Every structure is written in structure tokens, then in C-alpha cells.
Amino acid sequence: MPSEPMTRILLVRHAPTPETGDRLTGRASGVFLDEPGRQAARAAARALADVEVEAIYSSPIERTLETARIIAQPHRLTPITDLGLTEMDFGAWTGQTLESLRRTKEWGTVQAAPSRFTFPEGESFVEAQRRSVDSVERIAQDHPGKIVAAVSHADIIKLIMSYYLGQALDLFQRLRISTASISELQIEDSHPPVVVSINGTGVTG
Numbered sequence: 150m151p152s153e154p155m156t157r158i159l160l161v162r163h164a165p166t167p168e169t170g171d172r173l174t175g176r177a178s179g180v181f182l183d184e185p186g187r188q189a190a191r192a193a194a195r196a197l198a199d200v201e202v203e204a205i206y207s208s209p210i211e212r213t214l215e216t217a218r219i220i221a222q223p224h225r226l227t228p229i230t231d232l233g234l235t236e237m238d239f240g241a242w243t244g245q246t247l248e249s250l251r252r253t254k255e256w257g258t259v260q261a262a263p264s265r266f267t268f269p270e271g272e273s274f275v276e277a278q279r280r281s282v283d284s285v286e287r288i289a290q291d292h293p294g295k296i297v298a299a300v301s302h303a304d305i306i307k308l309i310m311s312y313y314l315g316q317a318l319d320l321f322q323r324l325r326i327s328t329a330s331i332s333e334l335q336i337e338d339s340h341p342p343v344v345v346s347i348n349g350t351g352v353t354g
């Protein structure tokens, strides 16, 4: 029997903004790439320029769409927004500095036992993992045997990769996803999914 077509999913974190690493911007509007961010996005675009990408999906948040549009240019593609790839809903934590959040008693739970945490007025990590993995599965089904890029956010990519690694959700914070990094999954119906790379700067052949 012929083997099932393998789909490659390239998960790209958005390029940096002036707020990255300082503030939990979440789904807030008006947060755009700065010039170093645009340079980082262009570097990711160069890394993927010779890859036969069939489609580019993106979280609808501005910084991800900006990154996706830059990556899409060499391929003459228009990014497709996907709500399943959007940033976590941090609820009442949105807009707060990471320095202040690290002083809260809840921060320890976020880091060590995220499966038991729901952001006040926001989303749980369990919910975010479920909807983001659902999006990846749907994208793979829609593009069998093709290469697809998906631009998203650090926590979302960590949750996705943790799921496909077979890790308990409580271990997902052990992964690191840098801005403008590229992580690769291979998905096919007849074999278990394969995590090819995490937090890289390019792709395999």
C-alpha cells in the first residue's frame, strides 16, 4: 500500500516587539514589530524562502500577522488567519509587567502546575492547548503531503510541541521558543507525529 502523505508544519513565533520580554501584552491591540523585529522577521523569511510552502497561517494578533506577511512575501502568499493559533487570553493579567507578575503567588502555579491554572477572566492552559492542537490537526488535514507555515506565540507553540512530544502539560514550561524561531512537526495518518526541531533558525532538507 502507498504510504500516507506527510505534512510538515513549520511553527514560527512572531518577531520581537518593544514589549517582548517586559510586558504580558497578550491579545492587546496596537503592539507592532519595531525595526529589530522586522529584521528578525526578514531573517526568518530568508530561512524559509527556498522551502516550498503551500500556505501560511497566522494568529490574528497584529505582531503575528506582521511577521506572517513578511514571511509570505517570497512565496507570493497571503496569510490565512486562524483563531486557534491566537495568543492565550491572559484576562486580567493582560498588559501587566512580567516583573510584577513574578511577585504574585499565582506565578508559581503558572510555572510548575499550569494544568491547574486559569487566568483571571481569561483562558486556561488546558483550553489553549486543546484549541491550538485542533488547529494544527485541521491544517495538516487540509494540506496533506505539503509544507505549511503557522505563525503564533511562545506559549501556544510550547503547548503544541509539548502535546506532540507526549509530555504532561505541567512540563511545557521547560521548552523555550525564541522570537522569530522555527519549530517543525511532521504529521501523517499512518505514523505517530514527529517533532523534528524546536526553537531553530531554519528547517531540515
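Position in the sequence shown (from 1) plus 149 gives the number in my numbering.
Every residue gets a Cβ at the ideal spot worked out from N, C-alpha and C, and that includes glycine.
Note that the structure is a prediction, hence the values are computed from the model and not measured.
- A contact between stretches requires three or more CB pairs, one per stretch, nearer than 8 Å, and the region 249-258 fails this requirement with the region 153-164.
- With respect to the 9 Å criterion, D238 and A277 are classified as neighbours on the basis of their beta carbons.
- Contact holds between the region 173-193 and the region 203-215, because three or more Cβ pairs, one in each stretch, are under 8 Å apart.
- Q335 sits in a strand when the DSSP states are folded into three classes.
- The region 215-227 and the region 238-248 do not touch, with fewer than 3 CB-CB distances between them shorter than 8 Å.
- The straight-line gap separating the alpha-carbon atoms of V343 and I158 is approximately 10 Å.
- Per DSSP, T227 lies in no beta strand (DSSP E) and is assigned neither H nor E.
- Counting C-beta atoms within 10 angstroms of its own C-beta, T350 has fewer than 16 neighbours from the protein chains shown and is therefore classed as exposed.
- By the 16-neighbour rule on beta-carbons within 10 angstroms, G315 is exposed.
- Rounded to the nearest angstrom, the Cβ distance from L197 to I220 is 6 Å, consistent with a contact under 8 Å.
- By alpha-carbon distance to G294, the top candidate from L232, A217, G240 and E337 is E337.
- The residues T267, in chain order, have a CB closer than 6 Å to that of S273 in the same chain once the five nearest residues on each side in sequence are set aside.
- In this structure, A329 lies near T216, with their beta-carbon atoms less than 9 Å apart.
- The beta strand (DSSP E) runs of length 3 or more contained entirely in the region 246-287 do not exist; there are none.
- Going by DSSP, L308 is part of no beta strand (DSSP E) but of the alpha helix (DSSP H) stretching over A303 to L314.
- Taking G271 as the centre and dropping the five residues before and after it, the same chain places the C-beta of D238, F239 and G240 closer than 6 Å to its C-beta, in chain order.
- Your pair S332 and I347 checks out as a contact, with CB atoms roughly 5 Å apart and the cut at 8 Å.
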